[in-house]
Each structure stands twice: as C-alpha cells, then as structure tokens.
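As they're listed, the protein sequences go chains P and D. Count the first sequence with this note's numbering and you get residues 1 to 365, in order. Count the second sequence with this note's numbering and you get residues 1 to 382, in order.
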Amino acid sequence: MSTLSPESTADSPSVERTYAAFSRPMWQRVIFSREFAVIALLIAAVVYSRSEVAYFDGPQTMYYLFRDSASVLLLALPMTAIIITGEIDLSVASTVGLTSVAFGMLIDDGGLSATTAALLAIGIGVLCGAFNGFLIAYVGLPSIAVTIGTLALFRGIAAGLLGTESRTEFPEGWTDWAKQRIFEDQPYPMILIPFAVLAIAFALLIHFSPFGRGIFEIGQNDEAAHFTGVNVARTKAILFVLSGAVAGFVGIYTTLVTGVARAENSTGLELSVIAAVLLGGVSIFGGRGALHGVLAGVLLIGVIQRAMLLNGETINVINIVIGVLLVLSVMSTSLLAAARRVVEVSRGARSSGRSSHSAGKRSLS
Amino acid sequence: MSSLTHPSGGSTLSRVVKEALRSRELAVAIVLVLLIAVTTLKSESFLFSSTGWRDLLLTPSMLILLAVGQTAVIITRNVDLSVGSTLGLTAYLTGRLFIDTNLPIIAVVLAAVLMGAVLGLVNGILVAFGRVPALVITLGTMYIYRGVFLTWAGSDRINADDMPRAFRNLGTESILGIPVLTIVAVVVLCAVGYYLQTARGGRELYAIGSDPGAAELYGLKIRRRVMFAFVLSGALAGLAGAVSAARFGTVSSSVGSGVEFEAVGAAVIGGVAIFGGSGTVWGAALGAFLLVTINRALPVLGISDFWQQAVVGALIVGAITLDRVLVLRQEKRLVAARDDEPTSHATSPTLDPVLPGGSAAPDRPDPAGSDAAGTDSKEGGR
C-alpha cells in the first residue's frame with residue numbers, strides 16, 4: 001500500500017489492467033472464500049454429528065434445530081446488510097421483546113383479532129427501527145451508542161408495560177401454526193416458509209440490486225458512495241427500518257412458539273445474532289460479506305449447540321465453544337496473513353533477487 | 001471545550017470557571033443533585049435516614065469502578081463488553097477462595113483484581129495483535145468468560161455464611177459516615193482520573209483514540225497502551241467483583257449479567273465519546289452515579305421501577321443527541337469565526353500549522369479545538 005511507485009506504472013503500459021478481486025477464475029473465487037469455509041465447516045459438523053452423536057439423526061433433532069434457530073436466522077438477514085454498511089444494531093432483541101409484549105397485550109387486553117395485533121406489532125417494530133434509523137442516518141450519531149441506548153429503551157418500555165406479568169392467551173390456530181411442520185413426516189417447521197421468502201428477498205436486495213451495491217459501497221467508504229450517487233442516509237435508514245420490521249415478525253413468532261408474551265423474551269439474542277453474522281464471514285469493518293455464509297454460520301452454531309446438548313454438555317460449555325469459534329474466526333484473517341508472511345519470509349530468503357520485485361507488485365494490488 | 005476566541009485571553013480563573021460551566025460533568029452533576037433533591041422532598045428518608053444516606057453512596061460504587069475502567073478503554077476507541085462476565089467470574093473466585101483457603105481478606109481481593117487483570121490482558125492481546133475491533137473480540141470473550149464462570153460454579157452458589165464476617169462487614173461499614181466501598185471506588189476514580197489527565201501514558205490514550213493513524217505515525221506505542229487500557233478495565237472489573245461479593249454477601253450465577261451495557265451507558269451519559277479521544281472518568285463516574293440513583297429514586301417518585309430501564313435508555317439516547325447538537329453548533333461557530341477573519345491571512349486561510357502553545361496564531365481560534373471538542377465532529381468510521 002505504501003509504495004505506489006511511478007515507474008512500475010510507467011514502464012509497463014502494455015500490461016492489461018487486472019482487478020485483484022477478479023484475477024482468479026470464477027470457481028476459485030467461489031470455493032476459496034470465507035463463506036465456503038463456513039459451509040464446509042457446517043457440512044463437516046453435520047456429518048460428524050450424524051455419525052458420532054447418538055440421536056442426532058433422530059426425527060426430532062432437525063425439527064428443533066430449525067425451530068430454535070429460526071429467530072436468529074430471521075434477524076441475521078437485516079443484520080447482515082447493516083453490518084456490511086459498517087453500522088451495527090444492538091437493539092434487535094429488545095425490539096423482539098417489545099413487539100412480543102405488544103402482540104400479547106393487544107390480543108389479551110385490547111381484545112383485537114390476532115391479525116390486527118400482528119400487523120400492529122410489526123408496525124411497532126418498524127417504528128423502533130425508524131427511530132434508530134433516524135438518529136443514525138439523519139442525525140448522524142454512531143450506531144453502537146444509539147442502539148445501546150435503544151437496547152435499554154425498548155426493553156424498558158416492554159418491562160414498563162407488562163412488569164413481571166405475562167400474557168398467554170392466544171388463538172389456538174396461530175400457536176399451532178407456529179409449531180406445525182410443512183410436511184407431516186419431515187423435520188421442517190412452518191416458520192421456514194416465511195423465512196425462505198424473506199431470505200430470497202434479502203439475497204436479491206443485498207446481492208442483486210443497485211440498492212445492494214450501494215450497501216457494499218457505503219461499507220467500503222461512505223463518502224465515496226455519496227459522491228457516486230448513493231443516498232447514504234436513506235439506505236441506512238431503510239436497513240434499520242427493515243431490521244425493526246423483521247424483529248417485529250420475530251417477536252410474534254417467539255410469542256406464538258413459546259406461548260408466552262413476556263418483557264424478557266429473547267434477552268441477549270442480539271449477541272447471538274451478531275456472533276453468527278460475524279462467524280459467517282461478514283467483516284465488522286463493513287464492505288464485505290455474503291448472505292449464504294451468514295446462514296451457514298447460524299446453522300453451524302445451531303448444529304454445534306444441538307450436538308453438544310445431545311452429548312450431555314451444559315449450555316455453559318457450548319457458550320465457551322461459540323465464543324472461541326467467534327474469536328478464532330475473526331482472528332483467522334490476521335492469523336492467515338501472519339502465516340503467509342512467515343512463509344514469504346522463508347521463501348524470500350531463498351530467492352532474494354526476485355522477492356523485492358514481487359513485493360512491490362503485491363503492494364499495488 | 002475550547003473557548004472560541006483568545007484561548008489565553010481571560011484570566012486562568014475565569015477560563016476555568018467558563019470551562020466548568022460548559023462541561024458535561026457539571027450538567028450531569030446538576031441533574032443528579034436535582035434528582036436527589038426532588039426525591040428527598042418526596043420522601044425524606046431517601047437522603048436523611050442513615051440507611052438512605054448509606055445506600056445512596058454505597059450502591060453506585062460497583063458501577064463506578066466498571067465505568068472508570070470502561071472509560072479508559074473507550075477513550076482509545078475500543079469497547080470492553082466482557083466486564084460483566086469478568087465481574088461474575090471474579091466474584092465467584094472471591095467466594096471460592098474464602099471457602100477453600102484461609103487467605104487473608106486483602107490477599108483474596110488482590111487475587112480477584114489479578115484475575116480480572118489477566119482476563120483483561122487476554123482481551124488486550126487479542127485486540128492489539130489481532131487487528132480486529134474490540135467489539136467483536138470482547139463479545140467472544142464475554143461468552144467464553146461467562147461459560148467458564150458457569151461451568152466452574154455449576155449449580156452451587158456462594159452464600160453469606162461462606163465468607164468471613166469481616167469481609168461482609170466491609171459492605172456495610174462506614175468511616176466518618178462514608179461507606180468503605182464508596183471510599184475504595186472514589187480512591188480508584190481519583191487515581192485513574194489523575195493518571196488520564198496528567199500522566200504521559202494517560203494523554204497517549206486520548207491521542208490514540210483521537211486518531212489512531214496519527215498516533216502511530218507519531219511513534220506512540222499503540223499496542224502497549226491499548227493493552228494497558230484493557231488490563232485496567234479487567235482489573236477494575238475484578239475489583240468490582242470482590243466489591244459485589246462483599247456488598248451482596250452472595251454470589252449467584254446471574255451476577256454481572258447485562259452490566260456491561262450499563263457501564264458503557266454510564267460512560268456515554270457522562271460525556272465519553274464512543275469513538276474515542278474525549279471524555280473524562282469524572283463524567284463517567286457521575287453518569288454511573290446518576291444511573292444507579294435513578295433506579296432507586298423512581299419507586300420513591302411513584303413511578304413503577306419497571307420503567308427504570310426505559311428511563312436509562314432515553315437518557316443515553318438523549319445524551320448522545322445533545323452531544324451531537326453541541327458539536328454541530330460549535331462547528332458552525334468555528335466556521336463563522338473563520339469567515340469573519342481579517343483578510344491579512346487570506347493567502348493561506350486554512351493551512352496555518354497549529355503549533356503547540358498557540359504561538360503560531362495567537363489571534364486565531366484554535367481550529368483543532370481541545371481534545372474534547374473536535375474529535376467526534378467528523379463521522380468516525382469503525
């Protein structure tokens with residue numbers, strides 16, 4: 001980065017221009033990526049668990065795995081986009097708690113129909129997201145500080161509304177739906193259908209739309225993005241609103257699947273979501289990441305949890321494993337770079353004549 | 001905050017007074033005093049009964065320790081989310097040492113501090129050498145430390161009978177009407193505050209947080225300083241663990257959970273910018289005092305204490321919004337002052353070097369501002 005020497009560009013006018021990111025063939029770019037490493041890890045974990053962990057291939061395991069991971073899977077979709085822009089949303093779990101309480105109270109105390117209550121709950125989620133989005137995108141406050149504040153604020157409103165009480169009366173059709181399977185003898189819960197729809201929508205939004213290119217560009221450099229015509233503030237605000245809307249939906253789902261609306265529903269879930277997103281290869285600095293890696297990251301954590309539970313480990317040991325995995329995965333880039341440097345130094349010692357030249361070239365890319 | 005015209009124009013006294021009037025610390029202190037006054041009017045025992053007075057001073061001591069450590073970390077443009085787990089782990093260690101060994105109290109407390117420092121060192125090494133934001137690293141270590149704590153503790157909890165009476169008395173005893181634990185917290189606060197304000201190492205923490213790139217070019221030992229900040233935060237969390245064991249007399253598995261956000265919130269309310277480079281531990285300590293006191297005052301004021309978390313959240317959001325508005329106003333005034341300049345400087349309107357001591361341009365406003373003002377005026381990227 002430091003030596004952008006003039007002669008290297010001057011004496012090679014005939015060299016065709018190359019783009020570092022596209023210098024390798026397509027299949028290499030796909031296979032040798034962080035996302036694929038996570039997917040490979042996921043497959044390895046599933047294969048290992050199926051052969052070594054008793055009951056892992058039982059009919060209930062996958063069903064509960066999907067059902068318990070559904071919240072994180074859903075919340076990870078907007079969180080991926082937000083972290084790619086270089087922001088963060090720590091308030092999602094509190095929004096889930098608030099919408100869960102609102103949903104329960106609107107049905108039990110307000111006497112509304114479940115459909116109206118659900119729509120209103122999602123509307124409250126949108127409001128929460130819009131509040132975050134306004135402060136971050138238009139007032140220009142740092143997202144980490146804002147969402148630490150709203151983490152307390154939204155949860156606090158939920159606690160203020162309901163205290164330590166809970167609401168448990170919901171229409172039976174709705175609670176049954178949340179626990180149903182798509183096909184009677186298959187391990188796929190019903191929630192996977194809305195998840196699949198949302199996942200496709202977010203994949204299109206993030207990876208296959210001009211809006212999505214803007215997301216990545218903001219993460220790389222938001223000033224440059226602004227000058228190429230990306231509406232930085234609006235993009236960020238929209239993403240936070242989407243995050244709130246999805247959190248509202250998750251609030252309804254959590255209420256129905258656990259059968260109880262309480263203020264402390266999903267406490268601490270924001271950290272699981274962020275851990276899974278980062279594990280899935282999204283850079284916390286912004287500008288890098290892909291949805292398939294994130295989903296593999298969520299499922300990887302789910303599989304490890306389930307396998308260790310079946311093996312009789314406590315949730316504490318599982319937390320240690322997830323923590324170590326998270327630290328290792330974010331450190332892997334630096335560790336790999338360090339390893340590469342060691343290799344290069346030893347190689348450079350053998351052929352010192354060429355090394356300086358190649359080093360100069362690399363610094364250009 | 002830098003005064004707009006003639007940094008050294010007025011007398012030192014008037015400048016100090018002016019600065020104090022504008023400072024965040026004073027604003028938080030006024031809110032705190034008002035809160036205590038209103039609550040006391042409602043119920044006299046909040047301040048004037050002996051337990052009311054004691055609780056008022058005693059309850060914030062734990063959060064003050066955490067907020068002080070957190071401030072040192074945030075100033076370097078990092079954040080430490082693992083303090084809650086560190087606190088839980090060291091609180092349990094304290095109880096465990098009393099049960100399993102016959103160490104004197106002071107040795108046990110030192111062991112807790114040391115344990116916290118080691119956990120902080122792990123964070124520091126990972127952050128300083130991994131070149132990964134502290135948010136991610138400490139999120140990971142938060143899981144790991146809590147997992148270790150809960151695995152170690154299992155289902156047993158430390159009860160009051162397990163700890164020596166002298167240690168538990170520390171949680172209730174007072175010297176000259178001031179609880180011992182509060183004295184501990186204030187001593188730590190003053191030591192760290194003095195260090196950050198005057199010592200070279202402390203100023204370098206501000207420099208690093210203000211502009212890490214510039215600090216590196218200037219030759220500061222960034223890694224060592226950042227590691228030090230994390231060790232300090234960990235050690236203070238360890239001390240807070242011992243304090244919480246003494247104060248509550250029990251250690252259950254839920255101790256310290258969620259407290260990391262309270263510590264960050266206290267620092268932010270006290271005027272510590274989340275992107276580093278500005279803020280003081282005095283402000284953070286006042287913020288911690290305010291947070292804890294609000295929690296205790298709400299029920300007295302007739303508001304269900306279920307709402308306290310909402311109030312805390314609103315305070316945090318309000319504090320950072322206020323910061324932003326003040327910075328924008330300051331920027332506008334600086335721009336206006338620059339445009340009003342006499343034309344003698346027209347040849348080089350903005351490129352005058354800012355020399356230390358203000359000798360280069362005594363008649364110009366200091367464009368960089370003091371360390372408190374300028375840093376968060378730009379959108380800091382992570």
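Even glycine gets a Cβ: it sits at the ideal position worked out from N, Cα and C. Just so it is clear, the structure is predicted and the values come from calculations on it, not from any experiment.
Worksheet entry | Partner residues on chain D for isoleucine 284/P, Cβ-Cβ distance less than 9 Å | Val132, Pro133, Leu135, Val136, Arg382
Worksheet entry | Interface positions of the region 258–284 of chain P facing chain D (Cβ-Cβ less than 7 Å), listed along the chain | Leu271, Ile274, Ala275, Leu278, Ile284
Discussion item. Am I right that phenylalanine 211/P and threonine 235/P are in contact with their C-beta atoms under 8 Å? What's the rounded C-beta distance?
Written reply: 7 Å
Worksheet entry | Alpha carbon of methionine 26/P to alpha carbon of glycine 140/P, nearest angstrom | 39 Å
Worksheet entry | Alpha carbon of glycine 140/D to alpha carbon of glutamine 60/P, nearest angstrom | Between the C-alpha atoms of glycine 140/D and glutamine 60/P there is a straight-line separation of about 30 Å.
Item to complete: Would you mind sorting glycine 154/D into buried or exposed? The rule is 16 or more other CB atoms within 10 Å of its CB.
Response: exposed
Worksheet item: Along the region 12–37 of chain D, what residues have a CB closer than 9 Å to any CB found in chain P?
Response: none
Item to complete: Give me the Cα-Cα distance between methionine 308/P and serine 49/P, rounded to the nearest whole angstrom.
Response: Taking C-alpha positions only, methionine 308/P is separated from serine 49/P by approximately 9 Å.
Worksheet entry | the region 105–123 of chain P touching the region 168–184 of chain P, judged by at least three CB pairs closer than 8 Å | yes
Worksheet item: Beta-carbon of alanine 93/P versus every beta-carbon of chain D: anything under 8 Å?
Response: no
Discussion item. Along the chain, where does the alpha helix (DSSP H) containing glycine 133/P start, and where does it finish?
Written reply: 114–133
Item to complete: Decide if proline 104/D is buried, meaning its Cβ has at least 16 other Cβ atoms within 10 Å, or exposed.
Response: exposed
Practice prompt. Compute the Euclidean distance between the alpha carbons of leucine 87/D and alanine 235/D, then round it to the nearest angstrom.
Written response: 10 Å
Discussion item. Relative to the C-alpha of glutamate 262/D, which candidate in Ala67/D, Ala37/D, Thr51/D has its C-alpha closest?
Written reply: Looking from the CA of glutamate 262/D, the closest CA among Ala67/D, Ala37/D, Thr51/D belongs to Ala67/D.
Practice prompt. Could you check the C-alpha separation between lysine 269/D and alanine 284/D for me, to the nearest Å?
Written response: Sequence inspection shows isoleucine at residue 269/D; the lysine mentioned does not correspond to that position. Roughly 7 Å between the two C-alpha positions.
Discussion item. Mapping the DSSP letters down to three states, classify proline 349/D as helix, strand or coil.
Written reply: The predicted position of proline 349/D is uncertain, since its pLDDT is 47 and thus under 50; a value taken from the coordinates is nonetheless stated next. Coil, per DSSP.
Discussion item. So, with DSSP's three-state summary, where would you put serine 174/D?
Written reply: strand
Fill in: Selection from Ala245/P, Asn265/P, Met105/P, Ala263/P that minimises the alpha carbon distance to isoleucine 122/P
Nearest of Ala245/P, Asn265/P, Met105/P, Ala263/P to isoleucine 122/P, Cα basis: Ala245/P.
Item to complete: Mind checking who isoleucine 158/D pairs with in its DSSP beta bridge?
Response: Val251/D
Worksheet entry | Min CB distance arginine 223/D to chain P below 8 Å | no
Worksheet item: Listing by chain order, which chain P residues have their CB less than 7 Å from the CB of alanine 314/D?
Response: Leu153
Worksheet item: According to DSSP, is proline 187/P helix, strand or coil?
Response: coil
Worksheet item: Taking only beta-carbon atoms, is arginine 324/D less than 8 Å away from chain P?
Response: yes
Worksheet item: How should threonine 350/D be labelled, buried or exposed, when 16 other C-beta atoms within 10 angstroms of its C-beta is the threshold for buried?
Response: At threonine 350/D, the pLDDT of 49 sits below 50, so the modelled position is not reliable; the number obtained from the coordinates is stated separately. With fewer than 16 Cβ atoms within 10 Å of its Cβ, threonine 350/D is classed as exposed.
Worksheet item: Given a limit of 8 Å on CB to CB distance, which residues of the region 196–229 of chain D reach chain P?
Response: Answer set for the region 196–229 of chain D: empty.
Practice prompt. List the residues of chain D that serine 334/P touches, going by C-beta distances under 9 Å, in chain order.
Written response: Phe129, Gly130, Arg131, Val132
Item to complete: Using 10 angstroms around the beta-carbon of serine 49/D, count the other beta-carbons present and answer buried if the total reaches 16, otherwise exposed.
Response: Its Cβ having fewer than 16 others within 10 Å, serine 49/D is exposed.
Fill in: Contacting residues, own chain, Cβ-Cβ under 8 Å from isoleucine 193/P (five flanking each side not counted)
For isoleucine 193/P, same chain residues with a beta-carbon under 8 Å away, outside a window of 5 residues either side, are Ile182 in chain order.
Worksheet item: Which parts of the region 39–95 of chain P are runs of the beta strand (DSSP E), unbroken and 3 residues or longer, counting only runs that do not cross its ends?
Response: For the region 39–95 of chain P, not a single whole beta strand (DSSP E) run of length 3 or above is found.
Item to complete: Select from Thr80/P, Ile39/P, Ile144/P the residue whose C-alpha is nearest the C-alpha of alanine 273/D.
Response: Ile144/P
Worksheet item: Using a C-beta cutoff of 8 Å, does alanine 310/D count as contacting chain P?
Response: yes
Worksheet item: Below 8 Å between beta carbons: does that hold for alanine 240/D and threonine 94/D?
Response: no
Discussion item. Residues in the same chain with beta-carbon distance under 6 Å from glycine 238/D, minus the five sequence neighbours each way, listed in chain order, please.
Written reply: For glycine 238/D, where only same-chain residues beyond five positions count, the Cβ hits under 6 Å are Thr90, Ala112, Val113, Met115, Gly116.
Worksheet item: If you run the structure through DSSP and keep just helix, strand and coil, what is alanine 261/P?
Response: Strand.
Practice prompt. Indicate whether at least one CB of chain D lies closer than 8 Å to the CB of isoleucine 206/P.
Written response: For isoleucine 206/P, the answer is no, since every Cβ of chain D falls outside 8 Å of its Cβ.
Item to complete: In angstroms with no decimal places, state the Cα-to-Cα distance between isoleucine 274/P and isoleucine 215/P.
Response: 18 Å
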